[in-house]
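Chains as they are written, first to last, in the working numbering: chain A, 1340 to 1606; chain B, 49 to 320; chain C, 3 to 381. Reviewing the structure listed below.
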Amino acid sequence: MRAALGWLLRGGLLGGLAFLIFGPLANLILWAVAIQWYFPHKLPLSWGFKYWGEVFKPTSDTIAALGTSVLIASITVVVCLLLAVPAGYALGRAQVPGRRLILLLLLLPQAFPNVAVYFNVARLFYMVGLNGTIAGVVLVHAAHGLVIAVWIAAAAFAAIDPELELAARNIGASAGRTALTVTLPLAMPGVTASAIFVFLESLDEFTGTYFVGVPDVTTLPLAMFTASLAGNYQIAAITALVLLVPSVGFMLVVERFLKAEMLAKIG
Amino acid sequence: MGILLLVAPALAMVLALFVYPLAMSLVSAFTTKDGAPSLDNFAKAFELYGNDIVFTLVIVSVSTALTGLFAAAIGGYLILGAHPTAVAILRSLYRWPLFIPFIVAAQCMRTFLAKNGLMNNTLATLGLVNVGSLSGLLDWRGIIVTFVWKETPFVALLVSGAMASLDRATIEAAANLGAGGLRILTEIILPQIAGLMVVGLTLAFVTMLSVLSVPIMISGGSPTMITVDMAFRVNSYGDYGVANALAFVSYVMAGLAAWIYLRRNVADGSGL
Amino acid sequence: MQRTAVLFAALAALALSLPATAQKAVTLNVVTAGDQNMVDYLKDYLGPMFEKEHPGVTVKAVGTGPGDAGSQKIYEKLEAEKANPAWDIDVAVIHQKAAGEMVGKGLLARYSAEIPTGKLVTSEAAKNALGSDVGGYVMPMFNSQTAIAYNTAMVSDPPATYDALEKWVRVNPKKFGYNGIKGGMSGVSFVVGWIYAHSPDTDRLIKGPYDPDTKKSWDPILAELAAFNKNVVLTPGNAGTLDMLNRGEIAMGPVWVDMFYTWQSDGKIPPGVKLKLIGPGMPGQPMYYVVPAKAANAKVAEDFIALATSPKVQADGIVKRFNWYPGIDTAAVKPQLDEASWSKLFVDVTPEDLATKGKPFPIASYFNDILETYERKVQ
């Protein structure tokens, strides 16, 4: 009897949780396949894929925005890794003077609400002609992703057994060669994880692009935002689903790379 | 010295794209359009948006508290839960919102939480509430719901990771002595992972202070978060002075959270 | 590992070089403020039409968002590139307030006398933008009007004046919604209409001269609006109000007539919702086509605007497809349309309504005062 009640409670709570987690997502899917939906109907009046046609036609804004988003995200990953891997290596393995201070400085962007910083960056970019350009948006995304990238890279490098490096040095490899051929490959899972994070963060980034990119650079989140505020819920819902594909897809991939101990090392 | 060269580019980026704009922001907040130092911007900011400033603090604090509560509960159940099926279900359920970007979450919630939205309609269909007495949650409460929805999985992930790497001996010892689940959670587990909880909640707090998409899309009018007011000030009037005054207020709020984090981490010398 | 690095570098180099590849044909950059329907108009209707008549020209249309914020973005962009030899906006579509500011700053070209359709506009709106003289610099794209939309299923006898609305809202709390002054001009219009309704001297607000002390007299008026707001729902914007009407969450709200009709024809508003222009009046505004002073393709821009303001396009595009009132003189447009298409604009809001209750916005300085007093007293 008590067991049954226990299961009822557990079931109820888990069911409630499932509703709260999946309800909003289900709503999104409903709007993606609705054509007409108004009060007082609880469900759409007519269903169909009419708006999918509109969203995916080759000249549509959404396809262009998707292309822009992927382009920006790709370049951001390259820029970020170019800066983060050396920094992560230094901070994770070597004795860097002022290590605490440097870490603090790199942590700073995470500690400040970035809306404020972004509209000032936009103003700065106006002055140097970077506002409304892809390069400008990439810089903003890269700066945002840099912190996570350095953290994860440093943690990945720190987790490598120094014995392996010593072994390479012992047989005559230089410091640089050891770093490139021994240490870096060993840290690859972590570096890849940080690349994925940076890519996703850039793809989903909204606030920075809202100030720096408008009106010339439209990323997918911006397109979704505009559609939503204009009341085009069907288009907003479909665009949102497109945005979700890489995120949910990578969720499965990331689970492989992010082990619990490495997570505990962060921060 | 060569080592520092490795770190220099990253530092340069932070300096150029963060420290310098931050300095610009501070200067702009504390001077008039002609460059004379003054507190006029702050006076105007408080006069027009004082209400929103209070509400921002309330919204983010309540959201952080709720997030901490739910994350601890989820983490606790994952560690202590006696029924493997229920634990497995919970583990697969709770992570979903983590990978939904804020802006998509805002769009979902916009229709879900509305007066005639899916949530109310479902509750009404199930007979759990009376439709006439319902109101939409599309105001500051909706912002809290969205924030908690988004941030709980993140903090819960950190927390459950930390709990998993704890020494089970302490837990089993307490269980053997007859302590119930809740007591083990609050007296044995949470104190040991308090550091990581603080980290996670601090990050969540600052993240929430930075979000623009959620308040713009969910809450129509006042009170709203000051991020919306900042954007409004900049976009509609080009008034960087007042916008930066509001920004300064948000820095102070974040500063509180960061100070707690620093005290915690630099003190025990843990972390990176 | 090395291969991946090379691949990344190649990708980055390729991507960064893309913008540099020269465009052989002419790209006409059109930037428009306003809601999505403005961008749709350019992308789906006007752009393709112009491209067909001018092979070799590609029309690139970009939207900056609704309300004065959208126009402000265009203003800021032109200000920022002031010193450059050629600017990257060829045609801009902006609100009245921004037009006045931009003419004042010398950012716009004087072009309407050069195009054939320039003489088809004789209205005051083409010469005066909220008190600033803009004659010659602008061509109206359309005229729009705000009105109160109400759901006949929930409201059988809609109020006819602001006073009646105030009483109605007290008896029916939370059934009226508008967006305040953020996120869209429909809410701003409502607030301006409120001031007009309670102000003794509306003419001076509209024509000037400006008296900085007038705003003190608005304090009690807006205090009443604050009390009014307690019984209403605040929506996120123009589309937000329409959306709530759609979902039956509010029964009445101020809307732009054109947006309303477009939404209704898209099935986003139930057929039982109608419009009413309440007294003593509600504002409306034109939006202007302008050519920036140093536009890179000024001649093509002028041709574009000439097409956009031709009677045929005004009739077919502006009135018939997008439900706006024409920007050029009615006498030039009406003969181009059949009776049904013309009258559908005037079903709920008749020409007499427009003549007596359609008002312009106040002059820019009063306009800013109203917005600021609202922020101080009502929010």
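C-beta atoms are modelled at their ideal positions from N, C-alpha and C, and glycine is treated no differently. From a predicted model like this one, the values you see are computed outputs, not experimental measurements.
Can you tell me whether residue i is buried or exposed? The criterion is at least 16 other CB atoms within 10 Å of its CB, across all chains shown.
i	result
serine 1385 (chain A)	exposed
glutamine 25 (chain C)	Bear in mind that the predicted position of glutamine 25 (chain C) carries a pLDDT of just 42, short of 50, making it unreliable; the figure below should be weighed with that in mind. So glutamine 25 (chain C) counts as exposed.
valine 1467 (chain A)	exposed
leucine 248 (chain B)	Before going further, note that residue 248 (chain B) is glycine rather than leucine in the sequence given. Answer is buried; the Cβ neighbour count reaches 16.
tryptophan 89 (chain C)	buried
alanine 155 (chain C)	exposed
phenylalanine 253 (chain B)	buried
aspartate 42 (chain C)	buried
proline 239 (chain B)	exposed
tryptophan 1490 (chain A)	buried
threonine 1407 (chain A)	buried
tryptophan 1346 (chain A)	exposed
proline 337 (chain C)	exposed
lysine 361 (chain C)	buried
So, does the CB of residue i fall closer than 8 Å to a CB anywhere in chain B?
i	result
alanine 71 (chain C)	yes
glutamate 83 (chain C)	no
glutamate 377 (chain C)	yes
glutamate 78 (chain C)	yes
tyrosine 1390 (chain A)	no
glutamine 38 (chain C)	no
Taking Cβ to Cβ, would you say residue i is nearer than 8 Å to residue j?
i	j	result
isoleucine 266 (chain B)	glycine 165 (chain B)	no
leucine 251 (chain B)	glutamine 1449 (chain A)	yes
valine 261 (chain C)	asparagine 240 (chain C)	The sequence shown places methionine at residue 261 (chain C), rather than the valine named in the question. Result yes, Cβ atoms of methionine 261 (chain C) and asparagine 240 (chain C) sit closer than 8 Å.
valine 123 (chain C)	aspartate 331 (chain C)	yes
valine 315 (chain C)	valine 93 (chain C)	no
isoleucine 76 (chain C)	alanine 127 (chain C)	no
proline 201 (chain B)	leucine 1582 (chain A)	no
lysine 99 (chain C)	alanine 366 (chain C)	yes
serine 114 (chain C)	glycine 138 (chain C)	yes
valine 1556 (chain A)	threonine 1548 (chain A)	yes
alanine 1412 (chain A)	serine 1541 (chain A)	yes
threonine 243 (chain C)	serine 191 (chain C)	no
isoleucine 117 (chain C)	isoleucine 280 (chain C)	no
serine 284 (chain B)	glutamine 266 (chain C)	no
phenylalanine 237 (chain B)	leucine 257 (chain B)	Residue identity check: residue 237 (chain B) is isoleucine in the sequence provided, not phenylalanine. Not in contact: isoleucine 237 (chain B) and leucine 257 (chain B) (Cβ atoms no closer than 8 Å).
Closer than 8 Å, CB to CB, is residue i near chain A or not?
i	result
phenylalanine 240 (chain B)	The question names phenylalanine, yet the displayed sequence has glutamine at residue 240 (chain B). Not an interface residue.
alanine 24 (chain C)	At alanine 24 (chain C), the pLDDT of 42 sits below 50, so the modelled position is not reliable and the matter cannot be decided from this model.
phenylalanine 363 (chain C)	no
leucine 230 (chain B)	no
valine 351 (chain C)	no
serine 261 (chain B)	yes
With a cut-off of 8 Å, does the C-beta of residue i fall near any C-beta of chain C?
i	result
alanine 93 (chain B)	no
serine 258 (chain B)	no
leucine 96 (chain B)	yes
methionine 265 (chain B)	yes
alanine 162 (chain B)	yes
proline 1554 (chain A)	yes
phenylalanine 195 (chain B)	no
From which residue to which residue does the beta strand (DSSP E) around residue i run?
i	result
methionine 141 (chain C)	141-153
valine 33 (chain C)	28-34
threonine 2 (chain C)	No answer is possible for residue 2 (chain C): it lies beyond the span of chain C, which begins at 3 and ends at 381.
valine 93 (chain C)	93-96
alanine 1333 (chain A)	Because chain A in this structure spans residues 1340 to 1606, residue 1333 (chain A) falls outside the shown range and cannot be described.
Along the chain, where does the alpha helix (DSSP H) that runs through residue i open and close?
i	result
alanine 228 (chain C)	220-231
alanine 1455 (chain A)	1453-1467
leucine 1410 (chain A)	1400-1432
glycine 1570 (chain A)	First-last for glycine 1570 (chain A): undefined, no H or E at that position.
Tell me whether residue i, by its Cβ, gets closer than 7 Å to a heavy atom of the ligand FAD.
i	result
serine 1586 (chain A)	Although the ligand FAD was asked about, the structure shown includes no ligands whatsoever.
What residues in the stretch 219-248 of chain C have a beta carbon less than 7 Å from any beta carbon of chain B? Leu236, Thr237, Pro238 and Gly242
Residues, ordered as in the chain, of the stretch 1457-1474 of chain A that lie near chain B by beta-carbon distance below 7 Å: Phe1458, Asn1459, Val1460, Arg1462 and Leu1463
Using a Cβ-Cβ cutoff of 8 Å, what residues of the stretch 282-295 of chain B are near chain C? List them in chain order. Asn283, Ser284, Tyr285 and Gly286
Contacting positions in the stretch 122-150 of chain B - beta carbon closer than 8 Å to chain A: His131, Ala134, Ile137, Leu138, Leu141, Tyr142, Arg143, Trp144, Pro145, Leu146, Phe147, Ile148, Pro149 and Phe150
Against chain B: residues of the stretch 1528-1543 of chain A by CB proximity under 7 Å: Asp1543
Residues of the stretch 1346-1374 of chain A with a CB closer than 8 Å to any CB of chain C: list them in chain order, please. Ile1374
Residues of the stretch 1569-1590 of chain A with Cβ closer than 7 Å to any Cβ of chain C, in chain order: Ala1569, Gly1570 and Asn1571
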